[in-house]
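A short write-up of the structure that comes next.
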Amino acid sequence: MNIFINAMLFLIGLCLGSFVNMLGYRTAINYKLLKRPKTKTQRPNDNRSYCDFCGKQLSWYENVPIVSWLVLRGKTKCCHKKLPAEYPLVELAMGILFSLQSTNFNLQSIIFLVMIVLLVFSLVFDLKYMILPDFSTYILIVIAAIFFHNWLSGLGAGLFLLALHVGTKGRGLGMGDVKLALFMGLLLGWPKIILAFYIAFVAGAIVGVTLMVLKKANRKTMVPFGPFLIGGTLVSWWFGDLIIKSVKLFL
Ligand SMILES: [Zn+2]
77 MNIFINAMLF LIGLCLGSFV NMLGYRTAIN YKLLKRPKTK TQRPNDNRSY CDFCGKQLSW
137 YENVPIVSWL VLRGKTKCCH KKLPAEYPLV ELAMGILFSL QSTNFNLQSI IFLVMIVLLV
197 FSLVFDLKYM ILPDFSTYIL IVIAAIFFHN WLSGLGAGLF LLALHVGTKG RGLGMGDVKL
257 ALFMGLLLGW PKIILAFYIA FVAGAIVGVT LMVLKKANRK TMVPFGPFLI GGTLVSWWFG
317 DLIIKSVKLF L
């Protein structure tokens, strides 16, 4: 029975992965980071039922998560433009993240599924465009404020990153990261927020140095920090108790 529920969660995750891709596309157009495709016919709305490139209406089999991308070999059927590999990857990642959820549903696990959708969206958007969209972070802040209310660590985390933002004159961290830190503190509370920051800064440093060694980056290259903060949040949320307990054993 549980396996059946996990399989259903996987499928729901796949479909919400498609939703995340569509949301990223629409947000990029709203932020004027992408051009709206020109079409002869007036489009009723901007959902993914229309080709990103030529605006042609898609048939159902061009819109099945992962499968369509594989069958069409990563190209649109109508105009043979390359479809980014990030589409099926996001769908797969969402399917896996959803299927790993515990199947004894309670309010907290359902809230967390909603947060995963927003966090994956923010992570992918920040990787691609170096922006953490405000609307996504604001929804996360409201959810965390209502259900987790760790006010002190929220305030502390936000102020800490604000100090870094001001101290680095905005070169290291953006205001998007500061707002995300407020959410992280509200959600995680003390001491898990410290663990989340620790993971984010260490992982960020390792990736930064690796990129420099591989000559894919230099000191001036901007690397988005949001994905590290979000990764740290998820690890601390899932394994925080375990990690903190093990660390205490060694101290
Ligand atoms: Zn097309």
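Whatever position you read off the sequence shown (first residue = 1), add 76 for our numbering. Using N, Cα and C, we set each Cβ at its ideal position, and we do this for glycine too.
Given residue i as reference, the closest of the options once Cα atoms are compared
i    : options                   : result
I217 : T244, F181, F201 and L256 : L256
M202 : M251, L173 and F188       : Per the sequence shown, residue 202 should be read as Asp rather than Met. Measuring from the Cα of D202, the nearest candidate turns out to be M251.
A221 : L264, N182 and L208       : L264
I270 : L305, G248, V242 and G131 : L305
L165 : L110, V96 and T103        : V96
A83  : I172, L310 and F181       : I172
Y107 : I207, P160 and F224       : I207
Y205 : T286, L159, L109 and K132 : L109
F277 : P303, L287 and Y163       : P303
L155 : A161, S322 and G131       : In the sequence as presented, Leu is not what sits at residue 155; that position holds Cys. Ranking the options by Cα distance to C155, first place goes to G131.
CB contact flag (residue i, residue j, <8 angstroms)
i    : j    : result
S312 : I275 : yes
M200 : G100 : For the sequence presented, residue 200 should be read as Val rather than Met. Going by C-beta atoms, V200 is nearer than 8 angstroms to G100.
L195 : N226 : no
A272 : G234 : no
L90  : M170 : yes
P267 : I192 : no
F301 : G316 : no
K157 : F197 : no
L93  : E138 : The sequence given here has Gly at residue 93, not Leu. For G93 and E138, no; Cβs fall outside 8 angstroms.
P113 : C127 : yes
F259 : T297 : no
L240 : L249 : yes
I187 : I215 : no
S144 : Q133 : no
V283 : V299 : yes
Run through the stretch 228-306 for me and flag every whole alpha helix (DSSP H) of 4 or more residues, listed as ranges in chain order.
251-264 and 268-289
So does the stretch 148-157 actually touch the stretch 173-183, counting three or more Cβ pairs closer than 8 angstroms?
no
Which runs of the beta strand (DSSP E) spanning at least 3 residues fall entirely within the stretch 172-220, listed in chain order?
none
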